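Here's the structure, in structure tokens; my notes come after.
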Amino acid sequence: MKDSIEKRLHGARGTAPRVCIDLGMTELMSDKELNKLSSQLRRLYGSNRHSEKPLHLFFTNFSPSGRLYNMCITKHEGFKDYLIDMTAESHTDMFARESLLYLSPDASNALNQGPLNPDTVYIIGGLVDETVRKNVSLERADEDALNCARLPIDECLQRHSSRGSHSKVLTVNQVFDILLKVYESDGDWENSLLAVLPKRKGFVRRVTDD
Numbered sequence: 001m002k003d004s005i006e007k008r009l010h011g012a013r014g015t016a017p018r019v020c021i022d023l024g025m026t027e028l029m030s031d032k033e034l035n036k037l038s039s040q041l042r043r044l045y046g047s048n049r050h051s052e053k054p055l056h057l058f059f060t061n062f063s064p065s066g067r068l069y070n071m072c073i074t075k076h077e078g079f080k081d082y083l084i085d086m087t088a089e090s091h092t093d094m095f096a097r098e099s100l101l102y103l104s105p106d107a108s109n110a111l112n113q114g115p116l117n118p119d120t121v122y123i124i125g126g127l128v129d130e131t132v133r134k135n136v137s138l139e140r141a142d143e144d145a146l147n148c149a150r151l152p153i154d155e156c157l158q159r160h161s162s163r164g165s166h167s168k169v170l171t172v173n174q175v176f177d178i179l180l181k182v183y184e185s186d187g188d189w190e191n192s193l194l195a196v197l198p199k200r201k202g203f204v205r206r207v208t209d210d
């Protein structure tokens, strides 16, 4: 089984859509927040590892001398052997700038519905922010002059009228899991979102008039 998992993960390199976790915001986080982020990284790797259609996963701006790296090594057995492209380089140095798309809940434009674009590198900001500061990922994208988009939650789902926070701020692993399910389902955004979004968010399937 381990051989088949590794074969799928190796096969995703160069063939599957690319997803980068931007880990260059560690200075904005406390040790408690970094600890939560390291757990989210472990969870999203677990999702990718067990998928029949894994994504090509990168950790960028990930310095081996940084607090987060040391925390991951200490907390997660075998972390160094994770089949992830980990690099201290920035995604802006690794890929053509026009191919990069930064995901942010504060972006005005929504991602196109349908299958993931194989020519796009999807960037998820590696940030745990217990104070929920707005526009952090949007401003980071703007600093690098990158295109930015939000998940099409409002376009695919509707808000329950009487319950839920209706917040579109998600954890790093939740955003990754949504992209993974969209890839696995060849573009089924509605069911992918419903499968991952916590019920407490209060988003439900759209009611259509037949």
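Residues 1 to 210 (UniProt numbering) make up the sequence shown, in order.
A virtual CB, placed ideally from N, CA and C, is assigned to each residue, including glycine.
From a predicted model like this one, the values you see are computed outputs, not experimental measurements.
What are the boundary residues of the beta strand (DSSP E) that residue i is part of?
i      : result
Gln113 : From DSSP, Gln113 is part of no beta strand (DSSP E); its letter is neither H nor E.
Phe203 : 203 to 205
In the DSSP assignment, what are the bridge partners of residue i?
i      : result
Phe59  : Ile21, Met86
Ile124 : Ile21, Leu103
Gln158 : Val204
Assuming residue i contacts residue j under a Cβ cut-off of 8 Å, what Cβ separation, rounded to an integer in Å, is found between them?
i      : j      : result
Leu101 : Tyr122 : 6 Å
Phe58  : Arg18  : 7 Å
Leu111 : Pro152 : 5 Å
Gln40  : Thr208 : That pair is no contact at about 34 Å.
Ile178 : Leu193 : 6 Å
Arg205 : Glu184 : Not quite, the Cβ-Cβ distance comes to about 19 Å (not below 8 Å), so this is no contact.
Ser90  : Gly24  : 7 Å
Leu44  : Phe176 : 4 Å
So residue i is in the alpha helix (DSSP H); what residue range does that whole segment cover?
i      : result
Leu151 : It is not in any alpha helix (DSSP H) - Leu151 carries neither H nor E in the DSSP assignment.
Val169 : No alpha helix (DSSP H) contains Val169, which DSSP labels as neither H nor E.
Arg42  : 31 to 50
Lys2   : 2 to 12
Glu190 : 189 to 196
Arg97  : Unbroken run through Arg97: none, as it is neither H nor E.
Ser137 : 136 to 143
Lys75  : 67 to 75
When we look at the beta-carbon of residue i and count the other beta-carbons within 10 Å, is it buried (16 or more) or exposed?
i      : result
Lys181 : buried
Val169 : exposed
Ala145 : exposed
Gly78  : exposed
Lys75  : exposed
Arg97  : exposed
Ser30  : exposed
Asp3   : exposed
Ala107 : buried
Asp154 : exposed
Pro118 : exposed
Thr131 : exposed
Thr26  : buried
Arg133 : exposed
Thr15  : exposed
His10  : exposed
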